[in-house]
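To start, the structure itself, in structure tokens.
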Amino acid sequence: MSTVVPEAAGHLLTGSPAVQSRTTGRSRRADLQSELVALPMHEDATVRELPLPGLALGEVLAALDARYDPALAEDWDAVGLVCGDPAEPVRSVMFAVDPTAAVVDEAIEAGVDLLVTHHPLLLTPVHGVPADDPKGRLVHRLIRAGVALFVAHTNADRAPDHGVNDALAAVLGLDEVRPLESLAAPETDTLVVFVPVGVSDQLVDALSAAGAGVIGDYTRCVWQTTGTGTFIPGVGTHPAIGRHGQVERVPEIRLEMVVPRARRAEVLGALLDLHPYDEPGYAFFENSATASRAGLGRVGDLARPVTLREFAERVATTLPGTPGGVRIAGDLERIVRTVAVCGGSGASMLGAATAAGADVFVTSDLKHHAVSEATEVAGPAFCDVAHFASEFPWLSCAADLLHRDLGARVHVQVSARPTDPWTWRVGGPGATGTESKRLHSAEHSAD
Ligand SMILES: [Zn+2]
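Following this line, the structure appears as structure tokens:
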């Protein structure tokens with residue numbers, strides 16, 4: 001019964017027209033989501049032979065780390081470079097959910113230089129990678145073929161704006177999306193500094209290079225107002241402008257820039273290095289804490305409320321088809337507007353989904369007792385999808401983001417091999433929905 005796999009693979013390659021045609025635009029966050037939604041699925045099964053200069057692996061990994069900060073990963077996780085030389089060139093990158101033998105075969109056949117997977121190959125510590133061990137053999141094969149392996153796992157789950165959960169929320173059509181897990185944003189200061197008009201641009205460049213002026217994807221953000229600075233240089237000073245004992249009036253610019261508190265020392269160093277005054281006027285104001293856009297899970301609203309039945313049908317047709325299909329717990333006629341999602345095994349986020357007022361919680365690997373007990377009390381309905389399917393939307397999102405971040409200097413592609421481990425489903429009184437029809441049609445077509 002391998003007949004399910006070609007259908008699933010075809011679905012993976014073509015994506016969903018409903019997904020690709022959706023647009024949003026009510027807010028900056030909505031814009032980011034529509035950006036995600038608009039990302040094309042990659043249909044190339046092989047790398048096109050185009051003359052690309054490529055980049056050093058280390059530069060590609062720096063771009064990935066910038067989007068999927070390894071500091072966001074769980075303590076138990078194993079993210080980052082598994083094998084590969086940061087000095088070696090990378091011209092093509094493949095994204096996949098799992099580093100299975102089939103995916104490694106595909107990466108080697110496609111001739112890519114880097115395979116990025118969501119799940120780690122070596123989650124538990126090992127003392128060696130002998131080739132007579134299944135995982136060790138994959139490491140040997142990758143190294144022999146010159147393919148690096150890199151993992152972005154729970155850091156990609158938590159990442160703001162372009163993570164696994166943003167991608168899942170986007171393809172399901174959620175607006176006003178925010179994390180289920182509440183994290184404080186990194187602490188910031190606002191730097192205020194007064195500088196003579198002629199050197200302000202140069203100073204802004206230096207402060208930006210030291211880490212100031214970053215707001216989301218925008219860099220070199222600065223507020224400038226002009227005014228007049230006055231001072232009397234004291235005895236023993238060495239004023240760049242003015243004379244001892246005399247009131248001086250200088251056209252100055254007041255610069256205001258946000259500074260990550262962790263970069264305050266570097267930014268101050270750049271300021272003192274470049275500012276022409278021997279005693280520059282500046283201050284760091286500590287900003288109050290704000291909520292982070294990073295964190296596990298997402299919750300958002302549908303543009304139009306639908307029944308749980310209709311929503312489940314949408315989930316089934318939007319995500320890759322898998323033998324297990326989509327399982328629902330709840331009244332199919334219930335009206336659904338607020339939707340919580342958590343790519344992968346999201347049972348731990350059930351409390352957060354309930355607290356967020358979700359009408360339905362979309363995740364994977366839910367267990368009998370958790371669902372049974374939760375459906376006995378007021379709370380969300382459940383939409384349990386294949387683990388692989390819930391994380392698949394991130395692949396094209398991350399691939400296109402990397403392509404853009406690297407100025408189109410590398411090819412990117414998404415693995416065409418479904419890595420859902422289940423191969424067949426049979427029977428069940430609930431086998432009357434979209435998924436079962438798709439399974440049946442696949443079976444009939446193989447007869
Ligand atoms: Zn996962």
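Position 415 of the sequence shown, counted from 1, bears residue number 415 in the UniProt record's numbering, the numbering being contiguous throughout.
Beta carbons are placed, not taken as given, at the ideal position from N, Cα and C, and that holds for glycine.
It should be emphasised that the depicted structure is a prediction, and the values quoted were computed from it without experimental measurement.
Out of the options, state which residue places its alpha-carbon closest to the alpha-carbon of residue i.
| i | options | result |
| --- | --- | --- |
| L296 | A184, V315 and A374 | A184 |
| R309 | R254, L332 and A416 | L332 |
| L174 | E391, W394 and T338 | T338 |
| Y282 | G343, L57 and R264 | R264 |
| T225 | E279, T237, Y218 and L255 | L255 |
| A352 | G344, P380 and R327 | P380 |
| L72 | P53, T117, T154 and L203 | T154 |
| R220 | V259, P125, V371 and E286 | V259 |
| T228 | E266, A167, R158 and V197 | V197 |
| P134 | D400, A356 and A101 | A101 |
| A152 | V362, S208, A291 and F95 | F95 |
| T230 | I215, L203 and V195 | V195 |
| A170 | S208, T318, T322 and L122 | T318 |
| D278 | R137, D77, E74 and A240 | A240 |
| M426 | K367, G407 and G324 | Reading off the sequence, residue 426 comes out as Val, not Met. Cα-wise, what sits closest to V426 is G324. |
| H275 | D384, D400, R293 and E252 | E252 |
| L207 | A156, V222 and R178 | V222 |
| V160 | E109, D65 and S345 | The amino acid occupying residue 160 in the given sequence is Pro; Val does not appear at that position. It is D65. |
| F382 | I143, V371 and F392 | V371 |
Does at least one heavy atom of ligand 1 sit under 7 Å from the Cβ of residue i?
| i | result |
| --- | --- |
| G344 | yes |
| E109 | no |
| E391 | yes |
| H411 | no |
| H119 | yes |
| H369 | no |
| H387 | yes |
How far does the alpha helix (DSSP H) with residue i in it reach, from first residue to last?
| i | result |
| --- | --- |
| S92 | Per DSSP, S92 belongs to no alpha helix (DSSP H); it is in the beta strand (DSSP E), S92 to A96. |
| L57 | L57 to R67 |
| D105 | A101 to A110 |
| residue 448 | The first residue shown for the chain is 1 and the last is 447, placing residue 448 beyond what the model contains. |
| V164 | V164 to V171 |
| P251 | Unbroken run through P251 is the beta strand (DSSP E), E248 to P260; no alpha helix (DSSP H). |
| P134 | P134 to A145 |
| A185 | A185 -> no alpha helix (DSSP H), and no H or E assigned at all. |
I need the straight-line Cα distance from residue i to residue j, nearest angstrom please.
| i | j | result |
| --- | --- | --- |
| P40 | V103 | Note on P40: pLDDT 37, under 50, position unreliable in the model; the coordinate value appears next. Rounded to the nearest angstrom, the two C-alpha atoms are 21 Å apart. |
| G428 | E187 | 52 Å |
| C83 | V139 | 7 Å |
| H162 | R67 | 8 Å |
| D301 | D359 | 10 Å |
| L172 | A347 | 19 Å |
| V326 | A148 | 34 Å |
| T190 | E286 | 6 Å |
| R404 | E376 | 47 Å |
| A145 | D166 | 33 Å |
| F267 | A289 | The question names Phe, but residue 267 in the sequence shown is Val. Roughly 20 Å between the two C-alpha positions. |
| D98 | G213 | 37 Å |
| P280 | I215 | 25 Å |
| S92 | G54 | 8 Å |
| D89 | A56 | With the sequence shown as reference, residue 89 is identified as Pro, and Asp is not the correct amino acid for it. Going from the Cα of P89 to the Cα of A56 covers about 4 Å. |
| I335 | V341 | 17 Å |
| S390 | F311 | 15 Å |
| T237 | M257 | 28 Å |
| G242 | V79 | 56 Å |
| G211 | G58 | 20 Å |
| P233 | V204 | 25 Å |
| L81 | H244 | 59 Å |
| M349 | P320 | 23 Å |
Classify residue i: buried if its beta carbon has 16 or more other beta carbons within 10 angstroms, exposed otherwise.
| i | result |
| --- | --- |
| W424 | exposed |
| S396 | buried |
| D201 | exposed |
| residue 449 | Residue 449 falls outside the range modelled here, since the chain spans only 1 to 447, and no answer is possible. |
| H118 | buried |
| V414 | buried |
| W394 | buried |
| L271 | buried |
| T419 | buried |
| G128 | exposed |
Which stretch, first to last residue, makes up the beta strand (DSSP E) that contains residue i?
| i | result |
| --- | --- |
| P305 | R298 to T307 |
| H411 | H411 to V414 |
| C221 | Here C221 belongs to no beta strand (DSSP E), and DSSP marks it neither H nor E. |
| G343 | I335 to S345 |
| P179 | L174 to P179 |
| S364 | V360 to S364 |
| V326 | Counting along the chain, V326 falls outside any beta strand (DSSP E), and DSSP gives it neither H nor E. |
Given the structure, does residue i come close to ligand 3, in the sense that its CB is under 7 Å from one of the ligand's heavy atoms?
| i | result |
| --- | --- |
| L203 | Ligand 3 is not among the ligands present in this structure, which contains only ligand 1. |
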